[in-house]
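**Q** Sharing a structure with you now.
There are 2 protein chains.
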Amino acid sequence: MKCKVCKEPAVVCLPSHNAAFCPGCYEKFYMKQVREGIRKRKLLNRDDKVLVALSGGKDSLSLMYALAELDYDVTGLHIDLGIPNSSEKARAVIEDFCSSRGFKLTVVEMEKEGMPMPLVKKHIRRPICSVCGKVKRHYFNRVALEQGFTALATGHNLDDEVARLFANTLRWDQAYLSDQGPVLPAENGFAKKVKPLYRLSEYENANFAFLQGIPYHHLPCPYSGGASFTAHKMLWRDLEFKSPGTKRSFYEGFLDRGAPAFASFHERKAEEVIACTDCGCPTSAGVCGVCRIKVQLDRALKDEGA
Amino acid sequence: MKCKVCKEPAVVCLPSHNAAFCPGCYEKFYMKQVREGIRKRKLLNRDDKVLVALSGGKDSLSLMYALAELDYDVTGLHIDLGIPNSSEKARAVIEDFCSSRGFKLTVVEMEKEGMPMPLVKKHIRRPICSVCGKVKRHYFNRVALEQGFTALATGHNLDDEVARLFANTLRWDQAYLSDQGPVLPAENGFAKKVKPLYRLSEYENANFAFLQGIPYHHLPCPYSGGASFTAHKMLWRDLEFKSPGTKRSFYEGFLDRGAPAFASFHERKAEEVIACTDCGCPTSAGVCGVCRIKVQLDRALKDEGA
Numbered sequence: 000m001k002c003k004v005c006k007e008p009a010v011v012c013l014p015s016h017n018a019a020f021c022p023g024c025y026e027k028f029y030m031k032q033v034r035e036g037i038r039k040r041k042l043l044n045r046d047d048k049v050l051v052a053l054s055g056g057k058d059s060l061s062l063m064y065a066l067a068e069l070d071y072d073v074t075g076l077h078i079d080l081g082i083p084n085s086s087e088k089a090r091a092v093i094e095d096f097c098s099s100r101g102f103k104l105t106v107v108e109m110e111k112e113g114m115p116m117p118l119v120k121k122h123i124r125r126p127i128c129s130v131c132g133k134v135k136r137h138y139f140n141r142v143a144l145e146q147g148f149t150a151l152a153t154g155h156n157l158d159d160e161v162a163r164l165f166a167n168t169l170r171w172d173q174a175y176l177s178d179q180g181p182v183l184p185a186e187n188g189f190a191k192k193v194k195p196l197y198r199l200s201e202y203e204n205a206n207f208a209f210l211q212g213i214p215y216h217h218l219p220c221p222y223s224g225g226a227s228f229t230a231h232k233m234l235w236r237d238l239e240f241k242s243p244g245t246k247r248s249f250y251e252g253f254l255d256r257g258a259p260a261f262a263s264f265h266e267r268k269a270e271e272v273i274a275c276t277d278c279g280c281p282t283s284a285g286v287c288g289v290c291r292i293k294v295q296l297d298r299a300l301k302d303e304g305a
Numbered sequence: 000m001k002c003k004v005c006k007e008p009a010v011v012c013l014p015s016h017n018a019a020f021c022p023g024c025y026e027k028f029y030m031k032q033v034r035e036g037i038r039k040r041k042l043l044n045r046d047d048k049v050l051v052a053l054s055g056g057k058d059s060l061s062l063m064y065a066l067a068e069l070d071y072d073v074t075g076l077h078i079d080l081g082i083p084n085s086s087e088k089a090r091a092v093i094e095d096f097c098s099s100r101g102f103k104l105t106v107v108e109m110e111k112e113g114m115p116m117p118l119v120k121k122h123i124r125r126p127i128c129s130v131c132g133k134v135k136r137h138y139f140n141r142v143a144l145e146q147g148f149t150a151l152a153t154g155h156n157l158d159d160e161v162a163r164l165f166a167n168t169l170r171w172d173q174a175y176l177s178d179q180g181p182v183l184p185a186e187n188g189f190a191k192k193v194k195p196l197y198r199l200s201e202y203e204n205a206n207f208a209f210l211q212g213i214p215y216h217h218l219p220c221p222y223s224g225g226a227s228f229t230a231h232k233m234l235w236r237d238l239e240f241k242s243p244g245t246k247r248s249f250y251e252g253f254l255d256r257g258a259p260a261f262a263s264f265h266e267r268k269a270e271e272v273i274a275c276t277d278c279g280c281p282t283s284a285g286v287c288g289v290c291r292i293k294v295q296l297d298r299a300l301k302d303e304g305a
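The structure is reproduced here in structure tokens:
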């Protein structure tokens, strides 16, 4: 197989694009997907101050690398969850990555915030992945707003987006279908959120990270029994295998023709958002979910001490 | 396993309804699904004159039986396609079924209409299943309008509807999503179309036909290499197996929350329908697709004779 562009031996084969690439041309292809994805859906402006959420995995590190290459003003944000034998490794990967490339980095330590995940897991009787996601999104937004960032970028890839869209479509969830997309404008106390990798599959990101020599953290979280959406992702892997390009056309088709049909359901949801009486962050209840978790943790620790 | 209703031994097990039934209670369950389906989505009025499209398969014969049981004024319509070793068998099953139960029946013979399918297959360079479907829909509508019927009922089941909805959703086809549903009102030269079996799966219809002693034609058409939608139907079989009830909630969820979002795209499509200059039936071109096929056939036969 030869590179579609320069005819040198190819190393990456992409049936969905009916193409194969050598390492150099693959980097150009990847960067073009990010650049065009940002331009086509108006994700970022040239003067945006971008906070990039870094987990230490292939997607978030590739995102940071690509946005910096495209000359955006980027700062990394890592949430150190305080999980033994896991969090310190992810954090070290991110700190090395950022310092070696001169990237700015902010780290929020859940230990210092009084909410290390082992404590949350022990005392909060809800699925840990759901609580952890809530806490991370809370701090992403809070740091972005408090430190004056105009956009929060996350490494969600095409597979993440398709699995989520499919789940929302199976339920025909009007509110979720009204605001799924690679850009959510700033409103109601939320920073603008963007997903610049929405055109790139997990496989494409893994190849990019590997070929660019980005060392990433790839051990699964010890607390997740199995990744969410797994069954749907397998279903989509089969669909994509039989008809290459189906994932992309399903997702981009939704953005072009599905999302506009559900747009009117967005306003109704937005009206319900108010400020948390404790921390001021946006919530639908009086006290936000994260502040409520803090209260529950404090109570549990007091009971334990008593 | 015991019948959920009367505790006699069950013969049909339906995980999607978390229930099992004996033959007598299954008939009641089935009839209730048809009755409630008609009521909930306003498919038929008590004074509707209903033309029931009969292929001779389990779905269409079960539909005819159920609508007659529910005291609707029903007449069968069969299109005899003129396919050797197939059409005569289907027609005989339908004629026996209708005469033994005193049902009115109209048969349209494609041989007499100058369009037997073997001739169409030989001379029309398009997928035969697509052309045959077009011809059948044409005559369904034409007979309904010419003979004063107020509704045309077809035996589409939940699996048919889910496979079609899924294909339309994968493409986010706004026009098709705007008018998929168990009832299409009369408009623009089209009779009202209803699908009273939209809540019942293929499996549920097969069980009903079997338990009611309805002999049905179940050989596949010799012209169809493989049924359309097959890959999607298999995907949905797996989804349903893992989460019983997913098909029903996807389809009914669409009717409740998806279809309204796409409703505005229906008018735009409807505006484009005009009357065929040859036969007067509705079409988007000057001469309708079926009249164009007739012209092509006439030309091919003349060329052969020359």
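Each protein sequence line maps, in turn, to chains L and X. Note that numbering that gives the first Met the number 0 gives residue 117 to position 118 of the first sequence, counting from 1, and the numbers run on in steps of one. Note that numbering that gives the first Met the number 0 gives residue 264 to position 265 of the second sequence, counting from 1, and the numbers run on in steps of one. For each residue, glycine too, the CB sits at the ideal point set by N, CA and C.
1) Would A150 (chain X) and D47 (chain X) be called neighbours here (beta carbons separated by less than 9 Å)?
2) Alpha carbon to alpha carbon, how far is A152 (chain L) from H77 (chain L)?
3) Is the CB-CB distance between L66 (chain X) and P195 (chain X) below 9 Å?
4) At 8 Å on the CB atoms, spell out the chain X contacts of F253 (chain L), in chain order.
5) In chain order, which continuous runs of the alpha helix (DSSP H) of length 4 or greater are located wholly inside the stretch 91 to 165 of chain L?
6) How many Å lie between P281 (chain X) and A205 (chain L) at the Cα?
7) How many Å lie between M116 (chain X) and D70 (chain X) at the Cα?
8) Exposed or buried, what is L50 (chain L) when buried is set at 16 or more other beta-carbons lying within 10 Å of its beta-carbon?
9) Tell me whether S227 (chain L) sits in a helix, a strand or coil according to DSSP, three-state version.
10) Going along the stretch 188 to 203 of chain X in order, which residues come within less than 8 Å of chain L, judged by CB to CB distance?
11) For chain L, is any of its Cβ atoms less than 9 Å away from the one on F261 (chain X)?
12) How would you call L176 (chain X), buried or exposed, if buried means at least 16 neighbouring beta carbons within 10 angstroms?
13) Judging by CA-CA distance, which residue of X:W171, X:L60, X:C5 is the nearest neighbour of E201 (chain X)?
14) Mind pulling the chain X residues with CB within less than 9 Å of L234 (chain L)?
15) Give me the Cβ distance between V142 (chain X) and T168 (chain X), rounded to the nearest whole Å; I'm assuming they're in contact under 8 Å.
16) Are the beta-carbon atoms belonging to I213 (chain X) and Y29 (chain X) less than 9 Å from one another?
17) Please report whether the beta-carbon of L176 (chain L) lies at a distance below 9 Å from any beta-carbon of chain X.
18) For G36 (chain L) versus P181 (chain L), is the C-beta distance shorter than 9 Å?
19) Report back the beta-carbon spacing between R198 (chain L) and L157 (chain L) to the nearest angstrom; my notes put them in contact at under 8 Å.
20) Note down the Cα distance separating F209 (chain L) from F189 (chain L), rounded to an integer number of angstroms.
21) Residues of chain L with CB under 8 Å from A166 (chain X), in chain order?
22) To the nearest whole angstrom, what separates the beta carbons of R170 (chain X) and Q173 (chain L), a pair I think is in contact under 8 Å?
23) Residues bridged to F20 (chain X) by DSSP?
24) Leaving aside the five residues before and after C12 (chain X) along the sequence, list all residues of the same chain whose C-beta is less than 7 Å from its C-beta, in chain order.
25) Using a Cβ cut-off of 9 Å (strictly closer), state whether R256 (chain L) contacts chain X.
26) Give me the chain X residues within the contact set of A230 (chain L), using Cβ-Cβ distance strictly less than 7 Å, ordered along the chain.
27) Hey, would you say S283 (chain X) sits closer than 9 Å to V272 (chain X), going by beta carbons?
28) With H, G and I counted as helix, E and B as strand and the rest as coil, what does DSSP make of G36 (chain X)?
29) Give the list of continuous beta strand (DSSP E) stretches no shorter than 3 residues that lie fully inside the stretch 182 to 266 of chain X.
30) Tell me, please, whether the CB atom of S248 (chain L) is closer than 9 Å to any CB atom in chain X?
31) Beta-carbon of F264 (chain L) versus every beta-carbon of chain X: anything under 9 Å?
32) Excluding five sequence neighbours on each side, which residues of the same chain lie with their C-beta closer than 8 Å to the C-beta of W123 (chain L)?
33) Please confirm whether G288 (chain L) has its beta-carbon closer than 9 Å to some beta-carbon of chain X.
34) Going by Cα to Cα distance, which pick from X:Y215, X:R236, X:L300 is closest to E94 (chain X)?
35) For a contact meaning CB atoms closer than 8 Å, what does T245 (chain X) contact in chain L?
36) Tell me where the beta strand (DSSP E) around A52 (chain L) begins and ends.
**A** Judging by the given coordinates:
1) Within the second sequence, numbered from 1, the residue matching residue 150 (chain X) stands at position 151. Within the second sequence, numbered from 1, the residue matching residue 47 (chain X) stands at position 48. Inclusion of A150 (chain X) and D47 (chain X) in the CB contact set at 9 Å is warranted, their separation being smaller than that value.
2) Sequence index remark: in the first sequence, residue 152 (chain L) carries index 153 (1-based). Sequence index remark: in the first sequence, residue 77 (chain L) carries index 78 (1-based). For A152 (chain L) and H77 (chain L), the distance between alpha carbons rounds to 12 Å.
3) To locate residue 66 (chain X), count along the second sequence from 1; it is residue 67. To locate residue 195 (chain X), count along the second sequence from 1; it is residue 196. In terms of Cβ geometry, L66 (chain X) and P195 (chain X) form a close pair [threshold 9 Å].
4) One-based indexing of the first sequence puts residue 253 (chain L) at position 254. Within chain X, the residues placing a beta-carbon under 8 Å from that of F253 (chain L) are W171, ordered along the chain.
5) Counting whole runs of 4 or more residues, the stretch 91 to 165 of chain L contains the alpha helix (DSSP H) stretches 116 to 122, 127 to 145.
6) Within the second sequence, residue 281 (chain X) is the residue found at index 282, counting from 1. Within the first sequence, residue 205 (chain L) is the residue found at index 206, counting from 1. Their backbone Cα atoms lie some 53 Å apart in a straight line.
7) By one-based count along the second sequence, residue 116 (chain X) stands at place 117. By one-based count along the second sequence, residue 70 (chain X) stands at place 71. Their backbone Cα atoms lie some 35 Å apart in a straight line.
8) In the first sequence, counting from the first residue as 1, residue 50 (chain L) sits at position 51. Under this definition L50 (chain L) is a buried residue.
9) On the first sequence, residue 227 (chain L) is found 228 positions in, with the first residue counted as 1. Because S227 (chain L) carries a pLDDT of 49, less than 50, the predicted location of this residue cannot be relied on, and the following value inherits that uncertainty. S227 (chain L) sits in coil when the DSSP states are folded into three classes, being neither helix nor strand.
10) None of the residues of the stretch 188 to 203 of chain X has a beta carbon lying less than 8 Å from any beta carbon of chain L.
11) In the second sequence, the residue the question calls residue 261 (chain X) occupies position 262. Among the CB atoms of chain L, one or more fall inside 9 Å of the CB of F261 (chain X).
12) Indexing the second sequence from 1 puts residue 176 (chain X) at position 177. Counting Cβ neighbours within 10 Å, L176 (chain X) comes out buried, since at least 16 surround it.
13) Position 202 of the second sequence, counted from the start, is the residue given in the question as residue 201 (chain X). The closest CA to that of E201 (chain X), considering only X:W171, X:L60, X:C5, is found on X:L60.
14) In the first sequence, the residue the question calls residue 234 (chain L) occupies position 235. Against chain X, a Cβ distance below 9 Å from L234 (chain L) picks out L234, D237, L238.
15) On the second sequence, position 143 is the one that residue 142 (chain X) refers to. On the second sequence, position 169 is the one that residue 168 (chain X) refers to. About 32 Å; that fails the 8 Å criterion.
16) In the second sequence, residue 213 (chain X) corresponds to position 214, counting from 1. In the second sequence, residue 29 (chain X) corresponds to position 30, counting from 1. No Cβ-Cβ contact shorter than 9 Å links I213 (chain X) with Y29 (chain X).
17) By 1-based counting over the first sequence, the position of residue 176 (chain L) is 177. Yes, contact with chain X.
18) Here residue 36 (chain L) corresponds to residue number 37 of the first sequence, with the count starting at 1. Here residue 181 (chain L) corresponds to residue number 182 of the first sequence, with the count starting at 1. Cβ atoms of G36 (chain L) and P181 (chain L): closer than 9 Å.
19) Here residue 198 (chain L) is taken as the residue at index 199 of the first sequence, counted from 1. Here residue 157 (chain L) is taken as the residue at index 158 of the first sequence, counted from 1. With 8 Å as the limit, R198 (chain L) and L157 (chain L) qualify as a contact, their Cβ atoms being about 6 Å apart.
20) Your numbering for residue 209 (chain L) matches position 210 in the first sequence. Your numbering for residue 189 (chain L) matches position 190 in the first sequence. Roughly 34 Å separates the two Cα atoms.
21) Taking the first residue of the second sequence as position 1, residue 166 (chain X) is located at position 167. Within chain L, no residue comes near A166 (chain X); the closest Cβ sits about 11 Å away, beyond 8 Å.
22) Residue numbering aside, residue 170 (chain X) sits at position 171 when the second sequence is read from its first letter. Residue numbering aside, residue 173 (chain L) sits at position 174 when the first sequence is read from its first letter. Contact between R170 (chain X) and Q173 (chain L) does not hold, since their C-beta atoms are separated by about 20 Å, which reaches or exceeds 8 Å.
23) Within the second sequence, residue 20 (chain X) is the residue found at index 21, counting from 1. DSSP, once it has assigned bridges, lists X:V11 as partnering F20 (chain X).
24) By 1-based counting over the second sequence, the position of residue 12 (chain X) is 13. Closer than 7 Å at the Cβ level, and outside the excluded window around C12 (chain X), lie M0, A19.
25) What you label residue 256 (chain L) is simply residue 257 of the first sequence in a count that begins at 1. Taking 9 Å as the threshold, the shortest C-beta distance from R256 (chain L) to chain X falls below it.
26) By 1-based counting over the first sequence, the position of residue 230 (chain L) is 231. A230 (chain L) reaches chain X at K241, counting residues in chain order whose Cβ is nearer than 7 Å.
27) As a position in the second sequence, residue 283 (chain X) is number 284, starting the count at 1. As a position in the second sequence, residue 272 (chain X) is number 273, starting the count at 1. Contact flag set, yes.
28) The residue given as residue 36 (chain X) occupies position 37 in the second sequence. Judged by DSSP in its simplified three-state form, G36 (chain X) adopts helix.
29) If we require 3 residues or more, the stretch 182 to 266 of chain X turns out to have no beta strand (DSSP E) run fully inside it.
30) Position 249 of the first sequence, counting from 1, holds the residue named residue 248 (chain L). Yes, contact with chain X.
31) In the first sequence, the residue the question calls residue 264 (chain L) occupies position 265. So, interface residue.
32) Here residue 123 (chain L) refers to the residue found at position 124 when the first sequence is read from its first residue. Sequence check: residue 123 (chain L) is Ile here, not Trp. Cβ neighbours of I123 (chain L) beyond the five flanking positions: V130, I292, Q295, L296.
33) Position 289 of the first sequence holds residue 288 (chain L). So no, G288 (chain L) is outside the interface.
34) To locate residue 94 (chain X), count along the second sequence from 1; it is residue 95. Here the closest residue by C-alpha is X:Y215.
35) Locating residue 245 (chain X) in the second sequence gives position 246, where the first residue counts as 1. Chain L residues near T245 (chain X): L169.
36) Here the question's residue 52 (chain L) lines up with position 53 in the first sequence. 48 to 52 is the span of the beta strand (DSSP E), which, as asked, contains A52 (chain L).
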